[in-house]
Amino acid sequence: MSTPVLDPPRRGLGSWRPGPVALAGAVAVALVIAGEIVSPGFAGYGQLVNLMRVAAFLGVIAIGQTIVILAGGGGVDLSVGKVATFSAIIGSRVMDGDDANIVPAVALSLLVAASIGLVNGLGVTLLRIPPFVMTLGMIGVVQGLILAYTGGQAEGRAAPALTSLVNGRVIFDLPGLLFLWLLLGLLAVWLLRRTTFGWNLFAVGANRTAASLTGVRVNRTLILAYVLSATFAGLAGILLLGYTESVFLDLADQYMLPSVAAVVIGGTLLAGGIGGYAGTAVGAIVLTVLQGLLTTLDIGGAWRTVVNGVVLLVLLSLYGRQRRLRS
Amino acid sequence: MTTPLLEMTGVRKRYGGVQALDGAGLTAVRGEVHALLGPNGSGKSTLDKTLAGTVVPDAGTIRIDGAEARIGGPRDAHALGVAAVYQQLSVVGDLTVTQNVVLGLEPVRRLGFLDQRAARDRAGAALERFAAAFSGRLPLDRPAGALGPGERQIVEVAKALARGPRILVLDEATASLHKEQVEVLFDVVRQLRADGVLVVFTSHRLDEVFALCDRATVLRNGRTVGTVELAATDEDELVRLMVGDAPHQAPRPDVAATAAVATSGPAAGAPSATTLEVRGLTTDRLRDVSFTVRSGEVLGLGGLQGQGQSDLLLALFGGAHVGAGEALLDGQPLPLGSPAKASRAGVALVPGDRGRQGMFAVRPIQENLSLASMHRRATARFALRSAAERRAATSMVERLRIKIGSLADPVSTLSGGNQQKVVIGKWLLDRPRVVLLDDPTKGVDVAAKEEIYAIIRGLAADGAVVILNSSDNRELTELSDRVLVLFEGAVAEELSSEAISESRLVSSALRLAPGESL
Amino acid sequence: SDDDGGNGGGGGEGGGDQPYTIGLSNGFVGSEWRTQMVEGLEAAFAEYEEEGVVDELVVESADTDVNGQIQQIRNLINRGVDAIIVNPNSETALDAVFREATGQGIEVFAIDQAVTSEDVTNVVIDQAEWARISAEWLAEQVGEGGNVVVVNGIAGHPANEMRWGAAEEVFNGAGVNVLTVADGNWDQATGQQVMTNLLATYPEVDGVWTQDGMAEGVFRAVDAAGRLDQITISGEARVGFMRLWGEARTNGFQSIGVVNPPGGAVSALHMAINVLEGEAFASGSLDGNTVTIPIPYTVDETTFDQYWGEASAESDAYSLDGSLTRDEAAEFFE
Amino acid sequence: MTGVLDRVRGVQLSGLATVAMLAVAVVVNSALQPNFWDSYALTSNFATFVPLVAIAVGQTIVVLSGGLDLSLGAQVTLASVVAVQIVDGSMDRYPLAVAAALGVGLACGALNGLVVALLRLQPIVATFATSFVYSGLALVVLPTPGGSVPFEVTTAYRDSVLGVPVALLLIVALALVWWVLRRHRVLRHVYAVGGDADAAYASLVPVARTRVWAYVLGGLFAALSALAILANTGSGDPFVGNELTLASVAAVVIGGTALTGGRGGAGGSVLGAIVLALVTNIIFFADVPTDYRQLVNGAVIILALALAGIPALQKRRPAA
Ligand SMILES: Nc1ncnc2c1ncn2[C@@H]1O[C@H](COP(=O)(O)OP(=O)(O)OP(=O)(O)O)[C@@H](O)[C@H]1O
Ligand SMILES: Nc1ncnc2c1ncn2[C@@H]1O[C@H](COP(=O)(O)OP(=O)(O)OP(=O)(O)O)[C@@H](O)[C@H]1O
Ligand SMILES: [Mg+2]
Ligand SMILES: [Mg+2]
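Protein chains in written order, with the numbering used here: chain A, 1 to 327; chain B, 1001 to 1518; chain C, 2001 to 2334; chain D, 3001 to 3320.
Written as structure tokens, this is what we have:
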């Protein structure tokens, strides 16, 4: 069980089964080993660091995705990629390559992202639009905002301080980004496991009616979940900006569905109420390693796509399975 | 002796760390109503389900008519003539009553196209016998989700009957029914018995068992402890069989005395006098309800089930749209319309539908217990301290004697009675001033029932206002200081403590003049 | 006319029916290149408008699929335009709707990406030639027996296939080893991530051949690995990349940027006006249904300073551009 | 008893909301587009609707069963490239191509059903994974755009019979197929499984088989969508259908079907698909400035989604 509980569940030795986090971790290791076999160099220290660095963006976006999915009721945020893009575009334009502007740039980006999350949350709670389509519609709106804001031409550049924070090597030749991710990950785990918000979120995800009848402010919790999702997406956008230094109009769009896949591979149920961020983080690493591995395989784009799908299926069947009807 | 129609032996089933069945068995003949009894969590439902095919046992044999039966799923059970009414209903709310009754066995024409007329006829025939249990016409074309719980339960029974079973399993099929509906059901069951059907009947209401059943098999801890002829047995003996040889446990005194005291924070101290005054409360289903309750008092809600009792409790907790009226707690208006506000004002609700409204099945027992009160223990109402949470939950587990493995186990792994205690326990940690209880012992076994009674009395003794709805008149008689009898959403009568008796409750519910007897 | 009277406007009436209405169908807006394309067209259109040659430019520009673009074009037809300039989302799948358009007397011009339809005039640069220029340069840099990796756009995409087909031929002919071909989705961030993976697993690489949007990402990956001095990168003529290139030049870094001009839309507009005026293409200027417009210029070591001077004020995403003048366009006609 | 009234009202309302949206969309569109009712405009509009309508019907069935199929668009692509490779411009081979497309839809649907029903993977991510498989295979089958559909087919698709566009007839035919399916046991079981899988299982409904059927039917409608696209485009393209997936989900919701399963129907989705397509038209003919079009489009779609949910909102107000 990856459920955030206070003491570990007791298990008989015979019935021990690896939890999703352990399983996903094992898969990541297996993929790295497979990578090293088919293309030597894949498991080198530098390459592992690179893979982790790339995983960090997905990992940060998936923090919010985890929160929203845990909230249940079909909760999912398809707009994370677009929000991350928008946030990077705003950040880039406001900081415009100047360290002095970092604070206002990041603040404005996150504020805009959070407001988009707020609208998502209001749509999902007050208008009762199913999250899947609400956030899908929001993609269109944000894309519209991007075009209206930029006139179709993204401008500006990352501030050097942001770039060195993300790309600069801190210790053991590890980029600052990894420490940021670790920090954000710990924050996410703490938020979910050790705060009233986290427990309310799990309760809302597990049984919304019961949560409401236990005095939990369900709508407030849900709205906050969507705000957090968009905010973490916005943050990921800023980090991505630090990585690429310049932006373009579909910078982070491709993270939409992989962020959901990372959550599921990490053992969180799409039905809500069960799961946690540790699994998601490993899920993000698994997906990134898989992409890296596929990149280095010289098998042609079409087959590479097929293999990608098949491997994803295998990964999912290791954990993200639903309960049986018959016990 | 002829071969028994049903013979189950050595049935075992393990769920993770819980041995639900540990060599249980059951032998019964045709034309019998056979009770399957036992405390909560003793494995009754699990045994029923192995027979009906929704649970595959780890070991054990099932013989039907002497031949070994392999039951791998509900379809196998059906082929063997077994039909079941489950404790957790299997009605699909979005389908109509007709569609539910024929579900899975729809009459079809060629190529699998539905024969709607035949379906209606079949459903009509199955429900006809229960016509008396429905107020008006048979609701054949209504979505099942729009029916009341009792009506839904009847549809469920009709669905099982429409399958023409040789063996009919009724698992707490009367839990949601009111008295008249129960009588209708019993008539049908007696008819089935006359037709040679075996009915396996599970209920925690022993009066029903004695009224209906011929023999009883008792389970304890997943094992069969014996089968008795009910004609030769009395209630005490049956209870003794169910709870074991250990002397019938009286609730520990400290349970009653301190149940309402939270672990941390100031002790409750002297009961402060609290008054709840309800004036002209009107909702979709309530009409102009007014009353006053004081701390230390248990106000019972009586009447036929479904006359607005649950709605009243829900409305007081802010879970229903209030059209008119108000509620005053010590003269302060109670915020109606938001359970969150109600709970912060000191109101607690133990809802009637535990699974849907009361608990978070997949979440750990710890969280289920903590949720309502954790903000009190949290730093800045936000950051939880795990030691404090664990202490709070553990204290409640001990106090209510909840039988658990670990606090980290999902609450769904507990038996019904223990789940119910968790649902009550989460509110006790919140030191409520007003406690609303909606059928709190539904599906709870005898021993747990007594414990819950002690908790309720303890709450009142500690100065809480308690309002109790119960489908069990005996329970109302035993606990209430006063009873409001509701009829069609309005207060039909108020019975003072001297006037409360089971027969009086029944007659009042049926709106008979006092003194007139049944 | 076979026009059933449904469409207004001047479709089907032959030349010389000024002012004309022009439609633009653009099925993708997620890139600055497309924005530049639309803005360039609008500017050129404004000039014609002042002269009274044209009266309205109807722009359909949105992220959409082939179906959506079919709907775009049908909307343009219903709007009664005289000519449609289209940047197609598919080489073949718009054929049927193009026939609908020409059936109503509307002239259709495809830009950026040639289409197969006989009813359309393609006004495009030669993508194969475009790829060949940078591939030849790279092959020369790494020399015979050199090792290159390739970061391509999207597998199966016609422009991608055409470019890669030409480049592969060049590499084979020059005896250059292509270690692997990866897909970077024409996306800077993906290109950067893909290149990082390739660097780890192909340590012996001497050069990278990549296509427009991804060169900047590839550069950053190589730079992060500290191997700019060992690995040659075929770049792009875009301000963002050229800035990096310019900075690295001091350390001897060399690259090449072949212009893929968004201004193709402007060239197509000139052609469209000529056609609407009843001019016929000169023999030899049409290859089948395709007018190949020359690649404007190439940025390399010798020309870097010249072009950088002109472009450095633009934003990073700006593509160096070029289009035919009216006179140059007129030369394609009789 | 009020519950019943609410419910009945809710059911009618959810249909009404979609119909009302369609009516508004048609009125607005015809006001902005003078030639909206002309023969060419009508024919071409309906020709554009059919692919989305078909895939939306398929998505509806999957959604009703409690699932979601994010690979439907990729299935459309795969079915269309297989069909176009077979037909290759010849009318004689067209029936074979149709059969092949349906076969592809069936096979893809069966694979999805397998992973969702038997392996019990969560539908959203499982079908996301299979979509890679299908779109990859589409590229293998048709590496670059090409192939042609018989002239007769593309012409017939744009034709009209007695003034009624053939494409409209096709939409009616799709609705009819749905009407027939609704009267079949499989669809009844789909509703039951989507409404409450445990209850359905206990009631002898073959849950796994029903789920497989839902995905198979989804695949078959995807194949029909592929055929419509081929008739509409006249040739093959290995990316052609991918973006239909998400639009199909939006159409389903605008049509009043609950994403939680068990409630709704394809009739609404047909209208929902048409509403979605008309919104694009309206924004175009309303001359919204280019840079703001996508913004307005997104906002209008969210509005439509909200309107589609209003009946449910009213129904849910009384707690418990
Ligand atoms: N699906 C399940 N997963 C885990 N444990 C289960 C499950 N179903 C039942 N159990 C456990 O098996 C034991 C027997 O449960 P069962 O429901 O058969 O009891 P019961 O006799 O019907 O109780 P009640 O009177 O409360 O209905 C209990 O301890 C219960 O917690
Ligand atoms: N069940 C809960 N879950 C999460 N947060 C809660 C819960 N109950 C209260 N809170 C938080 O506590 C904050 C204060 O609540 P409120 O002021 O209503 O409590 P209170 O009635 O003052 O508490 P007390 O009864 O201890 O005096 C709220 O903003 C809310 O966020
Ligand atoms: Mg039971
Ligand atoms: Mg309070």
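For every residue, glycine included, the Cβ atom is placed at its ideal position computed from N, Cα and C.
- The beta carbon of A1020/B sits closer than 6 angstroms to at least one heavy atom of ligand 1.
- For a Cβ distance threshold of 9 angstroms, nothing in chain C lies close to T3245/D: the least Cβ distance comes to about 10 angstroms.
- Among the residues facing chain A, H1204/B is not included, as its CB has no counterpart in that chain under 7 angstroms away.
- The C-beta of S2090/C comes no closer than 7 angstroms to any C-beta of chain A.
- In the three-state reduction of the DSSP assignment, M2162/C falls in the helix class, which pools H, G and I.
- The three-state reading of DSSP puts I2085/C in strand, counting E and B together.
- Judged by DSSP in its simplified three-state form, P3165/D adopts strand.
- Assigned with DSSP and collapsed to three states, E2204/C falls in coil, not helix or strand.
- Burial check for M1374/B: the Cβ neighbour count within 10 Å reaches 16 or more, so the residue is buried.
- DSSP places L3224/D in the helix class (H, G or I) of the three-state scheme.
- Between S2117/C and L3220/D, the alpha-carbon positions lie close to 30 angstroms from each other.
- At least one heavy atom of ligand 1 lies less than 6 angstroms from the C-beta of K1044/B.
- Considering only beta carbons, the part of the stretch 1357-1376 of chain B lying closer than 8 angstroms to chain A consists of Q1357, G1358, M1359, F1360, A1361, V1362, R1363, P1364, Q1366, E1367, S1370, L1371, A1372, M1374 and H1375, in chain order.
- Annotation for E2060/C: the continuous beta strand (DSSP E) segment containing it runs V2054 to S2061.
- With a cutoff of 6 angstroms, L1051/B does not count as near ligand 1, since its C-beta is closer than that to no heavy atom of the ligand.
- Not one heavy atom of ligand 1 is found less than 6 angstroms from the C-beta of Y3201/D.
- When secondary structure is reduced to three states using DSSP, K1403/B falls in the coil class, being assigned neither helix nor strand.
- Going by beta carbons, R3185/D and E1106/B fall inside the 7 angstroms limit.
- Chain-order list of chain D residues neighbouring N308/A: F3132, by C-beta distance under 7 angstroms.
- Setting aside the 5 residues that flank it on each side, V1200/B is surrounded in the same chain by H1034, L1036 and V1169, each with a C-beta closer than 6 angstroms to its C-beta; the list follows chain order.
- With respect to the C-alpha of A2313/C, the residue from G2278/C, F2333/C and M2242/C having the closest C-alpha is M2242/C.
- Scanning chain D for C-beta atoms nearer than 8 angstroms to the C-beta of W303/A yields G3136 and V3140, reported in chain order.
- Of all alpha-carbon atoms in Q2113/C, I2256/C and L2179/C, the one lying nearest the alpha-carbon of G2145/C is that of L2179/C.
- Take the alpha-carbon of L51/A and the one of I146/A: they are about 30 angstroms apart.
- Secondary structure of G1025/B (DSSP, three-state): strand.
- Taken atom to atom, the span from the alpha-carbon of G198/A to that of E155/A is near 38 angstroms.
- Cβ-Cβ separation between G2207/C and L2138/C: approximately 5 angstroms, consistent with a contact (criterion under 8 angstroms).
- Per DSSP, the continuous beta strand (DSSP E) segment holding R1279/B begins and ends at T1275 to T1283.
- Positions of the alpha helix (DSSP H) runs, each at least 4 residues long and wholly inside the stretch 2265-2327 of chain C, are given as 2304-2311 in order along the chain.
- Remark: the C-beta of L1037/B is outside contact range of ligand 1, defined as less than 6 angstroms to any heavy atom.
- Counting every other CB atom within 10 Å of its CB across the protein chains shown gives L3271/D a total of 16 or more, marking it as buried.
- CA-CA distance, W3037/D to G2103/C, rounds to 19 angstroms.
- Restricting attention to A206/A, S79/A and A252/A, the CA atom closest to the CA of G273/A is found in A206/A.
- Neighbours of T1054/B in chain D, taken as residues whose beta carbon is under 9 angstroms from its own, are D3198, Y3201 and A3202 in chain order.
- In the structure shown, the three-state DSSP call for V216/A is coil.
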